[in-house]
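Written out below as structure tokens is the structure these notes cover.
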Amino acid sequence: MTTEKLDTVKAPRPNWTSRIDLPVATAFGCIILLLLIGSLYSPNFLSPEYLLQQLKVGAFLGVIATGMMLVILLGQIDLSVPWAVTLGAMMASAATAYGPMGEVLAIPFGVLCGVLMGLVNGIGVAYLRIPSMIVTLAVNVVAQGLMVAYTGGFAPVDSASPAMRYLAAGTLMGIPNAVIVWAVTGILAVFLLGRTTFGRAIYGIGNKEAAAYLSGVPTQRVVMIAFALCGGLAAFGGVLLAGYAGKAAQSMGDAYLLPAIAAVVLGGTSILGGRGNYLGTIAGVILITLLQSILSVMQIAEFGRQIIYGGVIIVMLLLYGREKSGR
Amino acid sequence: MIGLRYRFAEQRGMLLALAIFILMFTLYVANHPAGFTPNVVQTAANKGVLLALVAMAQTFVVLTAGIDLSVGMIFILANCLASYLLVGTPVSVALGVSGVLLTGLACGAVNGLLVIYGRLQPIVITIATGAVFFGIALWIRPYPGSADGFSSDLADALTGKVFGVFPASLLFLIVLVLVVWVPFRRSVVGRAVYAVGSSEPAAYMSGVPVKRAKFTAYVLSGLFAAMGGLFMTFFTYSGEASLANGNTYTLSSIAAVVLGGVSLFGGRGSAIGAIFGALAFRAIGDLLFVFDFDPLWQPLFQGVVLLLAVSLGAARLFQVRNRLDLFT
């Protein structure tokens, strides 16, 4: 009897307002606001060429932030991103130097190095139970040491392979390939997070690892794989960057750690883990890229850029990043 | 007997850092061409004290289970500011020093207010405030340098030797521990900081002044980071707004704190441990210079030692009796 009655009660249809959460909406609102401010300065800001150019520049950050998001959803953090990026770029360029075979394997090899680095992070966090902030910090220093010893402290002489250049700087039917690469990465990430057991396990672990473990999730393996994916994506971002610039450079990844974290967090992903969606990360990446671009177009001095950049992040976090009052 | 065991357990991290430091420093001095002379000790002490001050700054915040990623930037800001303010007569130098320290206090207060009343996660918000602090530093000091008439008297006094043997910077650090850390540790606010770090809800339920404790921790963190920046100016006689330096000091401070046995989960450890952690970290870095290794291998060596040191934290796995304990 009761079951029949329950069946007749319709679940409230989710209307579109309840599906879009506040942080993502605010982030997109801020993007539009930024574009409007920019268009007051110069009408070029609303031209398709400028917007595509921004998406292209943002694509590198987008790929790196995707990996960072997986780790932040777990409630962890990956501080080894700078040298994972550089490692990927340098190793892919180095492989290119080894003849035609090396050229073919350049991209997979660069990404593989990043995956291995992420795997070390993951083992440290998942199995040795060392706080992620420390393990990734130490692994970052080790990777830096390896690369400094490998290059002899100079900028590496190897240059990027044609495939890397094509992926990062080429265009397909007027759309920059980098944007397509980011779109594919994003679609895979959305599928992974929303439609697979692995993705659901990430959210579960981020909420309460002990509960996820008791529900039969192999939490340690999931954490390890997530870190490996983060390392691989960071290295892939580095491969693209090397293709864009033509070659790898020392400390090319330093400029990507804080923006990656900021993009994920501005997109509404909780730094404590367990909450957030990929749409928000896209918004965060575009927001940060636009902000940096507008500040440099307006020819504001470097100090002013830093202050405004920090100030905008603080204000946006105060708008919607606040935790509920515990009392 | 139980009291003794408890005390030992409480100080274990600090003792480990002390042991690493003594081992590394002995190796360093034993292989140093000049040997164990006051000058060698003075140089090592000056470099170590710099990081020790920033590590102490980090400790206050880490004890509340937070993290301050802006210490390096406050350090840089203080360094740049001091390169302008430490000029002229002793009176104006004294005013300059207090100005730098007040700036540090203000930076810490901003962090504290944003964390407490903004209810934001410290790890994110200090990244953003760090960018602002660095921007201000770059504004006042776009190019490395120092003001005309830079007064080096105080700088020389605090980086020199007392009675020709004991490094003055080390003495300053010891005085600082006795005047600030020990009273803080015994005060109500100090205990509250530990309580908040162990469990904030429990601390709140027990009537611990949670907000006051957190605010004090962030303000003291800003003050100590500014002191570090002041010392940087004492060594170099100039200021430089270097992003790389700021990041290095932030990350090194976390490494030193961890080596010194302060738990990143909050509520455990002491600033004294962090000091030994900082000294040990510096000694490890210097070790390669005396062994005639190619300097290219130095970052790798430092990284591997750091990785091994933090892996020691995995030792607690042997004490786990229930797998669920892993996830706390």
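Sequences listed follow chains V and R, in order.
Just add 7 to wherever you are in the first sequence, counting from 1, and you've got my numbering.
Just add 681 to wherever you are in the second sequence, counting from 1, and you've got my numbering.
Cβ coordinates follow ideal geometry from the N, Cα and C atoms, glycine included.
Predicted, not measured: the structure shown is a model, and the values here were computed from it.
- [ ] Could you tell me if R:A846 is buried or exposed, where buried requires 16 or more neighbouring beta carbons within 10 angstroms of its beta carbon?
- [x] Residue identity check: residue 846 of chain R is Val in the sequence provided, not Ala. Exposed, since its Cβ has fewer than 16 Cβ neighbours within 10 Å.
TODO: Using a Cβ cut-off of 8 Å (strictly closer), state whether V:P138 contacts chain R.
DONE: yes
Task: chain V contact for R:L819 (CB, 8 Å cutoff) - done: Yes - at least one Cβ of chain V is within 8 Å of the one on R:L819.
TODO: Could you have a look at R:K842 and say whether DSSP puts it in helix, strand or coil?
DONE: strand
TODO: Can you grab the Cα-Cα spacing for the pair R:K728 / V:T296, in whole Å?
DONE: 38 Å
Open item on the list: Within 8 Å of any Cβ in chain R, is that where the Cβ of V:A269 sits?
Closed with: yes
Open item on the list: Judging by CA-CA distance, which residue of R:Q1000, R:S933, R:L960 is the nearest neighbour of R:V722?
Closed with: With distances taken between Cα atoms, R:V722 lies closest to R:L960.
Task: Beta-carbon neighbours of R:I806, restricted to chain V and to distances below 8 Å - done: Correct list: I321, L324.
Open item on the list: When you compare the CB of R:F970 with every CB in chain V, is at least one pair closer than 8 Å?
Closed with: no
- [ ] Look up V:K254 in the DSSP assignment and say whether it is helix, strand or coil.
- [x] The answer is strand: DSSP assigns V:K254 an E or B state.
Task: Contact set between the segment 253 to 277 of chain V and chain R, restricted to residues whose Cβ is under 7 Å from the partner - done: Cβ contacts with chain R come from L265, I268, A269, V272.
Open item on the list: I'd like to know if V:A156 contacts chain R, where contact means its C-beta is closer than 8 Å to some C-beta of that chain.
Closed with: yes
Task: Supposed close pair V:V292, V:G69 - CB separation, criterion 8 Å - done: 5 Å
- [ ] Determine whether the Cβ of V:G317 lies closer than 8 Å to any Cβ atom of chain R.
- [x] yes
- [ ] Determine the direct distance from the alpha carbon of V:F52 to that of V:Q60, and round the result to whole angstroms.
- [x] 11 Å
TODO: Please decide whether R:L732 counts as near chain V, where near means a Cβ-Cβ distance under 8 Å.
DONE: no
Open item on the list: Does R:P980 come out as helix, strand or coil in the three-state DSSP assignment?
Closed with: Three-state result, R:P980: helix.
TODO: Determine which residues share a DSSP beta bridge with V:L179 and list them.
DONE: V:I182
TODO: For V:T10, count neighbouring C-beta atoms within 10 Å of its own C-beta (all shown protein chains included) and say buried if the count is 16 or more, exposed if not.
DONE: Residue placement at V:T10 is flagged as unreliable, the pLDDT there being 47, under the threshold of 50; the coordinate-derived value follows with that caveat. Exposed, since its Cβ has fewer than 16 Cβ neighbours within 10 Å.
Task: Bridge partners - R:V768, DSSP secondary structure assignment - done: R:F831
Open item on the list: Taking the straight line between their C-alpha atoms, what separation do you get for R:R822 and V:A308?
Closed with: 13 Å
Open item on the list: Rounded to the nearest angstrom, what separates V:M252 and V:A104 at their Cα positions?
Closed with: For clarity, residue 252 of chain V is Ala in the given sequence; the question names Met instead. Rounded to whole angstroms, V:A252 to V:A104 spans 17 Å at the Cα level.
Open item on the list: For the segment 217 to 247 of chain V, list every residue whose C-beta sits within 7 Å of some C-beta in chain R, in sequence order.
Closed with: A217, Y220
Open item on the list: Just to confirm my understanding: we take R:A937, look at its own chain, exclude 5 residues before and 5 after, and list those with CB closer than 7 Å. What are they?
Closed with: L732, A736, A955, G958, A959, F962
Task: Cβ of R:F815 within 8 Å of any chain V Cβ - done: yes
- [ ] Would you list the one or two residues that DSSP bridges to V:S166?
- [x] V:K254
- [ ] Buried or exposed for V:I44, please, with buried defined as at least 16 other CB atoms from any protein chain shown within 10 angstroms of its CB.
- [x] exposed
Open item on the list: Let's test the definition: count the other Cβ atoms within 10 Å of the Cβ of R:L998 and tell me whether it reaches 16, buried, or not, exposed.
Closed with: exposed
Task: Contact set between the segment 919 to 937 of chain R and chain A, restricted to residues whose Cβ is under 7 Å from the partner - done: Absence of chain A from the displayed structure is noted, the protein chains being V and R.
Task: Closest residue to R:N760 among R:D749, R:I748, R:G780, R:W978 (Cα-Cα distance) - done: R:G780
Open item on the list: Quick check on V:A72 - is its C-beta less than 8 Å from some C-beta in chain R?
Closed with: Chain R places no beta carbon closer than 8 Å to that of V:A72, leaving this residue out of the contacts.
- [ ] Check whether the segment 831 to 846 of chain R touches the segment 697 to 711 of chain R, taking contact to mean three or more Cβ pairs, one atom from each stretch, closer than 8 Å.
- [x] No, the segment 831 to 846 of chain R is not in contact with the segment 697 to 711 of chain R.
TODO: Assuming V:G125 contacts V:F234 (C-beta within less than 8 Å), just tell me the rounded distance between them.
DONE: About 5 Å separates the CB atoms of V:G125 and V:F234; that is less than 8 Å, so the two are in contact.
- [ ] Between the Cα of R:V870 and those of R:A907, R:F741, R:A828, R:L801, spot the shortest distance and give me the residue it belongs to.
- [x] R:F741
Task: CB contact check: V:Q151 to chain R, cutoff 8 Å - done: yes
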